[in-house]
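Engineer:
Number of protein chains: 2
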Amino acid sequence: MNRHAKGYKEIENQLGGALLSRLVKKFGGTSVADIDSIINIADRVANTVSEGHKLVVVVSAMGSMTDELIRLVRNVGKCSDAREYDAAISAGEQISSAILSAALRNRGVPARSFLGLQVPIKTDGQHGNARIIRIGTKQLHDCMERGEVPVVAGFQGVSPDGSITTLGRGGSDVTAVALAAALNVDRCDIHTDVSGVYTADPHVVPQARQLETISFDEMMELASSGARVLHIRSVELAKNFKIKVRVASSFNNNPGTLIVSENEVVEKQTVSAISSSHDEAKITLFGLVDGASAAARVFEPLAEANINVDMIVQNLSVEGNEASVTFTVPRGDLNYALETLENLKTQVGYESVAHDAGIAKVSAIGVGMRSHAGVAQQMFSALASKGIAIEAISTSEIKISVLIPEAYTELAVRTLHEAYELHNRK
Amino acid sequence: MNRHAKGYKEIENQLGGALLSRLVKKFGGTSVADIDSIINIADRVANTVSEGHKLVVVVSAMGSMTDELIRLVRNVGKCSDAREYDAAISAGEQISSAILSAALRNRGVPARSFLGLQVPIKTDGQHGNARIIRIGTKQLHDCMERGEVPVVAGFQGVSPDGSITTLGRGGSDVTAVALAAALNVDRCDIHTDVSGVYTADPHVVPQARQLETISFDEMMELASSGARVLHIRSVELAKNFKIKVRVASSFNNNPGTLIVSENEVVEKQTVSAISSSHDEAKITLFGLVDGASAAARVFEPLAEANINVDMIVQNLSVEGNEASVTFTVPRGDLNYALETLENLKTQVGYESVAHDAGIAKVSAIGVGMRSHAGVAQQMFSALASKGIAIEAISTSEIKISVLIPEAYTELAVRTLHEAYELHNRK
C-alpha cells in the first residue's frame, strides 16, 4: 500500500506538477446502490473539495433502478419505442444526480445536478446507443466559477431534435471521459467496485497484483477480452483525447490504476495482464464446398444479421474443395447465428454444423509484445504443459487470445499468470 | 345516463359547433397506477385520435412513484435542497409520459413524450411550488402538425436559469389547463378516479347527483372547501383564461361535469353542492386584553409563521376590555400554531388557550345565492332541527360554511342536501 502510494506519486510527478487541480470523478456500481452509499460518496466528494480541487461529478443510476425502468417500459408492448425507452430509463441517473447533489448541499458543499439535456451533452440522436458529438461547457464552467460542484447524470445526452438519448453500455463512463475532454481537466477518475486494474482476476489468481499504470491500448484489449473494469468505448475516447483515466475504488483512497499513453507507462512489461471471457460460443461448419469463397459465403450473412464473429479457424481439406470452418460468436447470439445459417444452408453450402457454448477465451495482453518474440510460444507451451487443448487462436499487436474448453479457464489463467511471472510485476 | 348525455350535447351545441376538434386530456390518479392502467389510457387516447380529434395528453406520475422519490430525497439529510428535490421528484412524470407515449406507438398512434423542460413550460423558478409564466408552443404545434400526439409530463416546468421546477399540489392539473390556454384548444379534459362533480360526496349522500355543468366560481369554492376533484389553482387558471374544463372518469365515456363561465351554466341553482372538510382545527384564546387590537396581535404572528387562518369568531366581553377569539387553522399546522402562540403569550396578551381538532367545515355552494335571500337561514334551521351546533360561520358571495363537531359531518351534509333539494337537481 505504502509502496503503491509512493509509486503513484512518482508517476504523478513525472506527469507534471499540479495535476490534481481539476478533476472529473465518476461514481457507479454499488457505490450508488442506495441512499447510504450516496451519502458516503458525498463525504468523499466533500473531502476532495476541501482539499482545494475543482470537481465535476458524474453518477450512474442507483442500484437496480435502470433495470426496473427497463422492465417497466418493456412491459408496455412488443415493439417498444427507442425514443421513449430513452426518456424513461434516463430517469435513473436524473434521480441519483439530484440526490447526490442534495446530499452535498446538506454537507455545506454547494452542488448542482445536471441532466444531459441541461449541460447540454449533444449526441447524434441514435436512441439507445448514441454517440456524443459535442458538449456545451458554459453551464458547467459557470457552475464551477460560482464555486459549485456540477453533478452530471451519466449515460444520457440530447439529440439534435431535443430528445433525450442514452449512450448504451458503459455510458456513464463515456459521459465522464467526454466531460474530462471537453473541460480539459487534468484527470478523469472512474470510481467503481474494484480498486483498480489487476494482472488477473484476484478471485482466480490470489497472487494477482494491481497495476499502477496501464496503457490505453492494453486497457482496450483488456476491455474487449473479458475484463469488466471499463467499457472499451470510454477507453477509446480517453485515448483519442489523451485523457488520463484513473480506475479506483469508490470506498477507499488507494490510488488505483492510471491509464495513460504508452510512453508514460513507467515499466513496460512483455505481458501486463491475463484476462478471460465466457461470452463466446463456438460454431463449426463441416463439409463446406468451394473452400476459397467459403469465408465470404459464411460470414456475409452473419454480418448482415449483425452478429460479430471473433476468432476464425479455417481448414482446407487436403483432399479436395471441401473444408471446415470454426469461429466464435457472442454467446447470446448463438441461437440466432445457428438459425441464420440453417435458413441459408444451401446458399452457404455446408453439410453439417456443430456448436459448443462450453468454451472460454483466455488472453495475454501487453505492449511489450511488440518488441518481444516468443510470447505466443511461451503461452502455448505453458497451456500444453497442463494438458489444455487450444481450439483457436487470435492475435493482435499487443494481445494473444486462445479458445479453450471452459472448464479449464481458471487453470489456464493461473498457469499463464505464473508463466509470465506477473506476480513479480511492480 | 341517457338524459345526462343529451343534456351535455345540448350544452356543447350551445357552446358552438365543432367543439371537439382540439383537446388537452389529462390522466391522473389510479388511471396511471401501473402498466395495465397506462395501456388502458393508451386505448382511450387511440380511440379519441381515431375519431379525428387533435390531442395533447398530460400525465401524472405512476402510483406511488412520487411518494417514493420524495422519501428517497428526504432521506438524504435534514435540510433537503429545493432545486434537487424538484430534479428528483419530477422523474415520476417523466417516466409515465415516456411509457404512455411508448404504449401509444405500440398501438400505431404516433406519439412523443415531453418534459416540462422540453416543451418548454417556463416558470418563475420557485422550487416546489412554481408558477407557470410562459409556455413555448412551437414544439407542441410542430409535433401535432406531424400528426403526433404530444404526451407532456405534468407537474413540472423549467426555471429562468434552466433548472427543473415542480408546480406544487395539483400541479399536473395546472399543467393541463395552462397548456389548454397556451394552445387555445377547445376544451381541457381532466380524467380522474371520479366521474365528475357531484352535489355532494356520493359515499355520504346516496342521492347525490352528478352535475352537468358548474361555474368556475362554484368550482373554486368547492375546491377550497373540501372537494378534492380539482385543485383550486387549476380552476383559477381556467377561469382567467376562459378554458372550458371537463372533469370525467378515466375509465368510462360518461360526459362528466363541464366547468364553464357562469353565463354558460344552463340552469342556475341557489345551491349547487354541499361539501365538507376535515382539514381544520379550532383554536380559542380566552381572556384577550384590549379587545380592539386583539385581532392584529393574534393574527400577525400566525401570518408571519405562514399559518393560514380561516374562520374567525371574535366575542367582546360585555363587562370590559376582555374578549375571546375562536379561529381555525389547517389541522397539520395546529401544533405549530399553538407553539407560536405559546412563545408569544405575553406579546399577544391572552390568559388561556383551548384547541379542538374534532371539528369539520360543511359548506353550501351556489351562484344562485347572489340573487336569493334566506339561503343561510335555511341552512341554520336545517342544522338546528337535527341538533347540530354551529361553532363558527363564514360566508362568501356564493358560499356559506359552518364549523360543526366532526361527528356530525355526514348528518349535516345529508341534512343540507335534502334541505336544498339537491336530489332534484338536473
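The listed protein sequences correspond, in order, to chains B and C. Throughout the first sequence, residue numbering follows the working numbering, covering 1 to 426 in sequence. Throughout the second sequence, residue numbering follows the working numbering, covering 1001 to 1426 in sequence. Glycine included, C-beta positions come from ideal geometry on N, C-alpha and C.
What is the DSSP secondary structure of Thr1165/C, reduced to helix, strand or coil?
Structural biologist: In the second sequence, counting from the first residue as 1, residue 1165/C sits at position 165. The answer is strand: DSSP assigns Thr1165/C an E or B state.
Engineer: Can you find the residues in the same chain that come closer than 6 Å, C-beta to C-beta, to Ala46/B, ignoring five residues on each side of it along the sequence?
Structural biologist: The count along the first sequence starts at 1 and reaches residue 46/B at position 46. Excluding sequence neighbours, Ala46/B sits near Arg107 and Val109.
Engineer: Would you be able to state if there are at least three C-beta pairs under 8 Å between the segment 141-152 of chain B and the segment 210-220 of chain B?
Structural biologist: no
Engineer: Which same chain residues, not among the five before or five after Ala42/B, have their C-beta less than 8 Å away from its C-beta?
Structural biologist: Start at 1 with the first residue of the first sequence, and residue 42/B comes out as number 42. Closer than 8 Å at Cβ, skipping near neighbours: Leu100, Ala103, Leu104, Asn106, Arg107 and Val109.
Engineer: In angstroms with no decimal places, state the Cα-to-Cα distance between Ser234/B and Ser224/B.
Structural biologist: As a first step, residue 234/B is located in the first sequence; it is residue number 234 there, counting from the start. As a first step, residue 224/B is located in the first sequence; it is residue number 224 there, counting from the start. The alpha-carbon atoms of Ser234/B and Ser224/B are separated by roughly 12 Å.
Engineer: Skipping 5 residues on each side, what residues in its chain have a beta carbon closer than 7 Å to that of Asp173/B?
Structural biologist: The residue given as residue 173/B occupies position 173 in the first sequence. Excluding residues within five positions, the ones whose Cβ falls inside 7 Å are Lys26, Ile190, Leu230, His231 and Ser234.
Engineer: May I ask you to list, following chain order, the residues of the segment 253-279 of chain B that have a beta carbon less than 8 Å from some beta carbon of chain C?
Structural biologist: none
Engineer: Looking only at its chain, what residues have a beta carbon closer than 6 Å to the beta carbon of Val177/B, apart from the 5 residues adjacent to it on each side?
Structural biologist: Counting from one through the first sequence, the residue named residue 177/B turns up at place 177. Here the set comprises Cys188, Ser234, Leu237, Ala238 and Ile243.
Engineer: Hey, does Leu69/B have any beta-carbon neighbour from chain C nearer than 9 Å?
Structural biologist: Sequence index remark: in the first sequence, residue 69/B carries index 69 (1-based). Chain C, which has a Cβ nearer than 9 Å to the Cβ of Leu69/B, makes this yes.
Engineer: Output needed for Ala1005/C: all residues of its chain with C-beta closer than 7 Å, excluding positions within five of it in sequence on either side, in chain order.
Structural biologist: What you label residue 1005/C is simply residue 5 of the second sequence in a count that begins at 1. The predicted position of Ala1005/C is uncertain, since its pLDDT is 41 and thus under 50; no value can be drawn from it.
Engineer: Whose Cβ in chain B lies nearer than 9 Å to the Cβ of Gln1094/C?
Structural biologist: Along the second sequence, read from residue 1 onward, the residue named residue 1094/C stands at position 94. Simply Ala87, Ala88, Ser90, Ala91, Gln94 and Ile164.
Engineer: In angstroms, rounded to a whole number, what distance separates the CA positions of Glu1068/C and Ile95/B?
Structural biologist: Position 68 of the second sequence, counted from the start, is the residue given in the question as residue 1068/C. Position 95 of the first sequence, counted from the start, is the residue given in the question as residue 95/B. Approximately 11 Å, taken between the alpha carbons.
Engineer: List the residues that DSSP assigns as beta-bridge partners of Gly1246/C.
Structural biologist: Within the second sequence, numbered from 1, the residue matching residue 1246/C stands at position 246. For the record, residue 1246/C in the displayed sequence is Arg; it is not Gly. In the DSSP output, where bridge partners are listed per residue, Arg1246/C has Asp1189/C and Leu1258/C.
Engineer: I think Thr270/B touches Met369/B, with their Cβ atoms under 8 Å apart; what is that distance to the nearest whole Å?
Structural biologist: Here residue 270/B corresponds to residue number 270 of the first sequence, with the count starting at 1. Here residue 369/B corresponds to residue number 369 of the first sequence, with the count starting at 1. Rounded, the Cβ-Cβ distance is 6 Å, consistent with contact.
Engineer: Output yes if chain C places a C-beta closer than 9 Å to the C-beta of Asn106/B; else output no.
Structural biologist: Taking the first residue of the first sequence as position 1, residue 106/B is located at position 106. For Asn106/B, the answer is yes, since a Cβ of chain C falls inside 9 Å of its Cβ.
Engineer: Spell out whether any CB of chain B is found under 9 Å from the CB atom of Ala1305/C.
Structural biologist: The count along the second sequence starts at 1 and reaches residue 1305/C at position 305. Chain B contact via Cβ: absent.
Engineer: Using the three-state DSSP reduction, which class does Ile1400/C fall into: helix, strand or coil?
Structural biologist: Mapped onto the second sequence, residue 1400/C falls at position 400. In this structure, Ile1400/C counts as strand in the three-state DSSP scheme.
Engineer: What did DSSP end up calling Lys1009/C once you bin it into helix, strand or coil?
Structural biologist: What you label residue 1009/C is simply residue 9 of the second sequence in a count that begins at 1. Residue confidence is low: Lys1009/C scores 47 on pLDDT, short of 50, so the model does not pin down where it sits. Its coordinate-derived value is still stated next. Secondary structure at Lys1009/C: helix, using DSSP grouped into helix, strand and coil.
Engineer: Determine the chain B residues that contact Ala1102/C at a beta-carbon separation under 8 Å, and present them in chain order.
Structural biologist: By one-based count along the second sequence, residue 1102/C stands at place 102. Residues of chain B passing the Cβ test: Val73, Val76, Gly77, Ser80, Asp81, Glu84, Tyr85 and Ala88.
Engineer: Can you find a CB in chain C that lies within less than 9 Å of the CB of Leu117/B?
Structural biologist: Position 117 of the first sequence, counted from the first residue, corresponds to residue 117/B. Cβ-Cβ to chain C under 9 Å: yes for Leu117/B.
Engineer: So, helix, strand or coil for Asp36/B, using DSSP?
Structural biologist: As a working note, residue 36/B is residue 36 in the first sequence. In this structure, Asp36/B counts as helix in the three-state DSSP scheme.
Engineer: Between which two residues does the alpha helix (DSSP H) harbouring Ala1102/C extend?
Structural biologist: As a position in the second sequence, residue 1102/C is number 102, starting the count at 1. Segment Ala1091 to Asn1106, the alpha helix (DSSP H) holding Ala1102/C.
Engineer: Identify every run of the alpha helix (DSSP H) within the segment 313-389 of chain B, keeping only runs that are complete inside it and at least 4 residues long; order them along the chain.
Structural biologist: 334-343, 345-348 and 375-385
Engineer: To the nearest whole angstrom, what separates the beta carbons of Ala357/B and Leu334/B, a pair I think is in contact under 8 Å?
Structural biologist: Here the question's residue 357/B lines up with position 357 in the first sequence. Here the question's residue 334/B lines up with position 334 in the first sequence. The pair is a contact, with the Cβ atoms about 6 Å apart (cut-off 8 Å).
Engineer: Looking at the structure shown, is Leu422/B part of a helix, part of a strand, or coil, going by DSSP?
Structural biologist: Taking the first residue of the first sequence as position 1, residue 422/B is located at position 422. In the three-state DSSP reduction, Leu422/B falls in the helix class (H, G or I).
Engineer: When you compare the segment 1054-1065 of chain C with the segment 1215-1222 of chain C, are there three or more beta-carbon pairs, one atom per stretch, that lie closer than 8 Å?
Structural biologist: No: fewer than three Cβ pairs fall under 8 Å.
Engineer: Given that a residue counts as buried once 16 or more other Cβ atoms are within 10 Å of its Cβ, and exposed if not, what is Gln1156/C?
Structural biologist: Walking along the second sequence from the start, residue 1156/C turns up at place 156. Buried: at least 16 other Cβ atoms inside 10 Å.
Engineer: Would you kindly check if the distance between the Cβ of Val1402/C and the Cβ of Ser1275/C is under 9 Å?
Structural biologist: Counted from its first residue, the second sequence places residue 1275/C at position 275. Counted from its first residue, the second sequence places residue 1402/C at position 402. No, the pair does not count as a contact, with Cβ atoms beyond the cut-off.
Engineer: Comparing alpha-carbon positions, which option in Asn1240/C, Glu1406/C, Pro1405/C and Thr1199/C lies nearest His1417/C?
Structural biologist: Stepping through the second sequence from its first residue, residue 1417/C is reached at position 417. When each option's Cα is compared against that of His1417/C, the closest is Thr1199/C.
Engineer: Beta-carbon of Ala364/B versus every beta-carbon of chain C: anything under 9 Å?
Structural biologist: As a position in the first sequence, residue 364/B is number 364, starting the count at 1. No, its Cβ sits nowhere closer than 9 Å to a Cβ of chain C.
Engineer: For the alpha helix (DSSP H) that contains Phe286/B, what are its first and last residues?
Structural biologist: For this step, residue 286/B is matched to residue 286 along the first sequence. Element bounds for Phe286/B: not the alpha helix (DSSP H) but the beta strand (DSSP E), Glu280 to Leu288.
Engineer: Taking Cβ positions only, does Gln1139/C come closer than 9 Å to chain B?
Structural biologist: For the purposes of this step, residue 1139/C is identified with residue 139 of the second sequence, where counting begins at 1. So yes, Gln1139/C belongs to the interface.
Engineer: One question on the structure: do Ile164/B and Leu1140/C come within less than 9 Å of each other, judged by their Cβ atoms?
Structural biologist: Sequence index remark: in the first sequence, residue 164/B carries index 164 (1-based). Sequence index remark: in the second sequence, residue 1140/C carries index 140 (1-based). It is not a contact, given that the beta carbons lie outside the stated cut-off.
Engineer: Would you call the CB atoms of Thr192/B and Ser250/B closer than 9 Å?
Structural biologist: For the purposes of this step, residue 192/B is taken as the residue at position 192 of the first sequence. For the purposes of this step, residue 250/B is taken as the residue at position 250 of the first sequence. Contact flag set, yes.
Engineer: Leu15/B to Val1076/C, Cα distance in whole Å?
Structural biologist: Here residue 15/B refers to the residue found at position 15 when the first sequence is read from its first residue. Here residue 1076/C refers to the residue found at position 76 when the second sequence is read from its first residue. Model confidence at Leu15/B stands at a pLDDT of 43, short of 50, so the residue's coordinates are unreliable and nothing is read from them.
Engineer: Kindly indicate if chain C contains any beta-carbon less than 9 Å away from that of Ile99/B.
Structural biologist: Counting from 1 along the first sequence, the entry for residue 99/B is found at position 99. Yes, contact with chain C.
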